[in-house]
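Going down the list, the sequences are from chains A and B.
Be aware that the first sequence starts at 20, since it is given in our numbering, and climbs by one per residue.
Be aware that the second sequence starts at 20, since it is given in our numbering, and climbs by one per residue.
Read the structure below first, then the notes.
Number of protein chains: 2
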Amino acid sequence: MQKVETHACFGGVQEVWQHRSQALDCDMRFGIYLPSQAREARCPVLYWLSGLTCTEQNFITKAGAQRYAAEHGVIVVAPDTSPRGPQVADAERYDLGQGAGFYLNATHEPWSAHYRMHDYIVEELPRLVEAQFNASDARAISGHSMGGHGALVLALRNPDRYRSVSAFSPIVAPAQVPWGEQAFTAYLGDDRDAWRSWDASELVRSTPAQANRPVLLVDQGEADEFLATQLRPELLEAACRETGYPLRLRRHAGYDHSYYFIASFIGEHIAHHAAALRN
Amino acid sequence: MQKVETHACFGGVQEVWQHRSQALDCDMRFGIYLPSQAREARCPVLYWLSGLTCTEQNFITKAGAQRYAAEHGVIVVAPDTSPRGPQVADAERYDLGQGAGFYLNATHEPWSAHYRMHDYIVEELPRLVEAQFNASDARAISGHSMGGHGALVLALRNPDRYRSVSAFSPIVAPAQVPWGEQAFTAYLGDDRDAWRSWDASELVRSTPAQANRPVLLVDQGEADEFLATQLRPELLEAACRETGYPLRLRRHAGYDHSYYFIASFIGEHIAHHAAALRN
Numbered sequence: 020m021q022k023v024e025t026h027a028c029f030g031g032v033q034e035v036w037q038h039r040s041q042a043l044d045c046d047m048r049f050g051i052y053l054p055s056q057a058r059e060a061r062c063p064v065l066y067w068l069s070g071l072t073c074t075e076q077n078f079i080t081k082a083g084a085q086r087y088a089a090e091h092g093v094i095v096v097a098p099d100t101s102p103r104g105p106q107v108a109d110a111e112r113y114d115l116g117q118g119a120g121f122y123l124n125a126t127h128e129p130w131s132a133h134y135r136m137h138d139y140i141v142e143e144l145p146r147l148v149e150a151q152f153n154a155s156d157a158r159a160i161s162g163h164s165m166g167g168h169g170a171l172v173l174a175l176r177n178p179d180r181y182r183s184v185s186a187f188s189p190i191v192a193p194a195q196v197p198w199g200e201q202a203f204t205a206y207l208g209d210d211r212d213a214w215r216s217w218d219a220s221e222l223v224r225s226t227p228a229q230a231n232r233p234v235l236l237v238d239q240g241e242a243d244e245f246l247a248t249q250l251r252p253e254l255l256e257a258a259c260r261e262t263g264y265p266l267r268l269r270r271h272a273g274y275d276h277s278y279y280f281i282a283s284f285i286g287e288h289i290a291h292h293a294a295a296l297r298n
Numbered sequence: 020m021q022k023v024e025t026h027a028c029f030g031g032v033q034e035v036w037q038h039r040s041q042a043l044d045c046d047m048r049f050g051i052y053l054p055s056q057a058r059e060a061r062c063p064v065l066y067w068l069s070g071l072t073c074t075e076q077n078f079i080t081k082a083g084a085q086r087y088a089a090e091h092g093v094i095v096v097a098p099d100t101s102p103r104g105p106q107v108a109d110a111e112r113y114d115l116g117q118g119a120g121f122y123l124n125a126t127h128e129p130w131s132a133h134y135r136m137h138d139y140i141v142e143e144l145p146r147l148v149e150a151q152f153n154a155s156d157a158r159a160i161s162g163h164s165m166g167g168h169g170a171l172v173l174a175l176r177n178p179d180r181y182r183s184v185s186a187f188s189p190i191v192a193p194a195q196v197p198w199g200e201q202a203f204t205a206y207l208g209d210d211r212d213a214w215r216s217w218d219a220s221e222l223v224r225s226t227p228a229q230a231n232r233p234v235l236l237v238d239q240g241e242a243d244e245f246l247a248t249q250l251r252p253e254l255l256e257a258a259c260r261e262t263g264y265p266l267r268l269r270r271h272a273g274y275d276h277s278y279y280f281i282a283s284f285i286g287e288h289i290a291h292h293a294a295a296l297r298n
């Protein structure tokens, strides 16, 4: 594992590391913000999943999350959005292939050789982070757009792995929208039954009722250009209403799909996660 | 004047505008953050000058300033760093020509036709901002690196125009460092006497003592890769000591030249300016 960037930031340090991923069979980079508290004690970790076209850079340079992570003593890990490299399958589209891993394990050629982002994010990356940094095993997860889909799906599939979950502008029902239909057809094949376990709205319906299900905190801008076609938060809202799943969906007038929206509310999300991680 | 971007952000709006500049004789873009307070009343304005290679985008996407501007009710205007366009002289270097205007009025060919950033920033842009937006004529100025040089020089040259000034990692003595020597030779010619009025350390020596000179607030990272060769804050420190000019130079262990440094302290700068702008 190799450190490729390090910058003092809000009393802590923003780093970027490169390592060989076993799950993805390629070299990967991730950003990690280590607040000053991590010099003294193990700190809980928020995993942030970015959206289509992003790398590990977008969130760490644009969201302004370090200020709040420093305040609450939370480590923030921001991985890349797909396997990378010349040997990794790709498509000539922004919404499929490299930069568009959709946080699932692909089962179909040519994607299945490398596209195992679920296993990378849920298992390999936390193992690495908890071994190499002063990180505890108290984990939270959040993300934006495709990464909001990832955060919801990974938390719903792995309820014992995350203490809290939130999302900005998530693709809540990928099986019913163009971005998800295209990606799932490529990565998972034509059988739509196989898509259910990678769709947050479907998972809410199939998750057994538990006493301690963490609330889904979802922020959505009402001026988001993808709201009606790709995001459709009302589908998650309906699934949660039907099953009694706890959802806190906040609609924000005027906000769009950009990092200006994320920056405006990331402080509230980090406070939300920090409260759950302290328990 | 044409709006090319608009994003809700921290209750206000981050916009980007394009307009024809008379001073520069080309089309220019600038970012403007309008806090919610500007819907009700004229707000004071902080002008932010960016560093080499930057456009109007870097500060507005990376500094996280909107949060503090919203808190204090300050409009933040972030112009581009030089005239732009195919008809504008350029050099095959990152530190001369487009992206490297050095906030001066060039006197030598081929630069003098367009490179009049001093007049653009000090006169044309505030006139435009104060006419088109809910902006008062209470102005402050700040910047980073080449833009820190710009902020100090413009404030020292135009003491009646700005109520406060600050800088991150500024080029405090351009006449004595490679970046400045190269740019000044091109833009101003070989006569070093002509350079003095564009050099903050020289201006501190030549500025007549006044009762109400605003303190120069300067933040400098000690791990800045340009500290010893291009920035040399000790030269400004010496000039201020000799002349009794008020300087508040803060050196920060571990911080580098990046936006992670700016983000960490921009809140304190905006609070500093807001206090001066309220008077």
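A virtual CB, placed ideally from N, CA and C, is assigned to each residue, including glycine.
If the cut is a Cβ gap below 9 Å, which residues of chain A does residue 38 of chain B touch?
Ordered by position in chain A, no residue passes the 9 Å Cβ test against residue 38 of chain B, which lies about 22 Å from the chain.
Kindly give me the distance between the Cβ atoms of residue 164 of chain B and residue 70 of chain B, rounded to whole angstroms, as I take these residues to be in contact under 8 Å.
3 Å
Going by the beta-carbon positions, is the gap between residue 79 of chain B and residue 97 of chain B smaller than 7 Å?
Yes; because the gap between Cβ atoms is below 7 Å, this pair is in contact.
Stretch-stretch touch, CB-based, cutoff 8 Å, three pairs: the stretch 219–239 of chain A with the stretch 131–142 of chain A
no
Under the assumption that residue 68 of chain A contacts residue 169 of chain A (Cβ atoms under 8 Å), give the Cβ distance between them as a whole number of angstroms.
4 Å
Distance between beta carbons of residue 250 of chain B and residue 188 of chain B, contact taken as under 8 Å:
6 Å
What number of angstroms, rounded off, separates the C-alpha of residue 37 of chain A from the C-alpha of residue 201 of chain A?
30 Å
If we count Cβ pairs, one from each stretch, closer than 8 Å, do we get three or more for the stretch 259–277 of chain A versus the stretch 232–244 of chain A?
yes
Cβ of residue 29 of chain B within 7 Å of Cβ of residue 103 of chain B?
no
Exposed or buried, what is residue 99 of chain A when buried is set at 16 or more other beta-carbons lying within 10 Å of its beta-carbon?
buried
Within its chain, find whatever has a CB closer than 6 Å to the CB of residue 283 of chain B; leave out the 5 residues flanking it on each side and keep chain order.
none
So with CB distances below 8 Å, who are the chain B contacts of residue 278 of chain A?
80
When you compare the CB positions of residue 190 of chain B and residue 66 of chain B, do they come within less than 7 Å of one another, or not?
no
What are the boundary residues of the beta strand (DSSP E) that includes residue 47 of chain B?
45–53
Since residue 283 of chain A meets chain B, which of its residues come closer than 7 Å, beta carbon to beta carbon?
28, 29
At a CB distance below 8 Å, what residues from the stretch 240–264 of chain A approach chain B? Give them in sequence order.
240, 242
Check the Cβ of residue 85 of chain A against every Cβ in chain B and list those closer than 9 Å, keeping chain order.
Correct list: 83, 279, 282, 283.
What's the call for residue 105 of chain A, buried or exposed, on a 16-neighbour Cβ count within 10 Å?
exposed
Let me know the secondary structure DSSP gives residue 254 of chain B once reduced to three states.
helix
Can you tell me the Cα-Cα spacing of residue 276 of chain A and residue 31 of chain B, whole angstroms?
Near 16 Å, if we compare the C-alpha coordinates of residue 31 of chain B and residue 276 of chain A.
Rounded to a whole number of angstroms, what is the C-alpha to C-alpha distance between residue 95 of chain B and residue 292 of chain B?
11 Å
Taking the alpha-carbon positions, what's the residue 257 of chain A to residue 33 of chain A distance?
39 Å
Residue 122 of chain A to residue 135 of chain A, Cα distance in whole Å?
7 Å
Check residue 100 of chain B in the structure and name its three-state DSSP category.
coil
Under 7 Å by beta carbon: chain B residues contacting residue 273 of chain A:
27
7 Å is my cut-off, CB to CB: does residue 151 of chain B come that close to chain A?
no
The alpha helix (DSSP H) that contains residue 33 of chain A, what's its start and end?
Annotation for residue 33 of chain A: no alpha helix (DSSP H) segment contains it, though the beta strand (DSSP E) segment containing it runs 31–40.
Assuming contact is defined by CB atoms lying nearer than 7 Å, are residue 133 of chain B and residue 124 of chain B in contact in what I supplied?
no
Near residue 208 of chain A, which residues of its chain fall below 6 Å by C-beta distance, leaving aside the five closest residues on each side in sequence?
If you ignore the 5 residues before and after residue 208 of chain A, its C-beta comes within less than 6 Å of the C-beta of 127, all in its own chain and listed in chain order.
Find the residues of chain B that neighbour residue 33 of chain A, judging by a C-beta separation of less than 7 Å, and give them in chain order.
279
Suppose the cutoff is 7 Å on Cβ atoms and the five residues either side in sequence are ignored; what does the same chain contact list for residue 154 of chain B look like?
61, 62, 64, 94, 148
Do we get a CB-CB distance below 7 Å when we pair residue 114 of chain B with the residues of chain D?
Any reference to chain D falls outside this structure, whose protein chains are A and B.
Here's the rule: buried if 16 or more other CB atoms are within 10 angstroms of the residue's CB, otherwise exposed. What is residue 156 of chain B?
exposed
If contacts are defined as beta-carbon pairs under 8 Å, then residue 158 of chain A and residue 176 of chain A qualify, I think. What distance do you get, rounded to the angstrom?
That belief does not hold up - the Cβ atoms of residue 158 of chain A and residue 176 of chain A are roughly 14 Å apart, past 8 Å.
With DSSP run on the structure shown, which of helix, strand or coil describes residue 283 of chain B?
helix
Kindly list the residues whose CB is nearer than 6 Å to the CB of residue 131 of chain B, restricted to its own chain and excluding five residues on each side of it in sequence; keep chain order.
These residues qualify, in order along the chain: 125.
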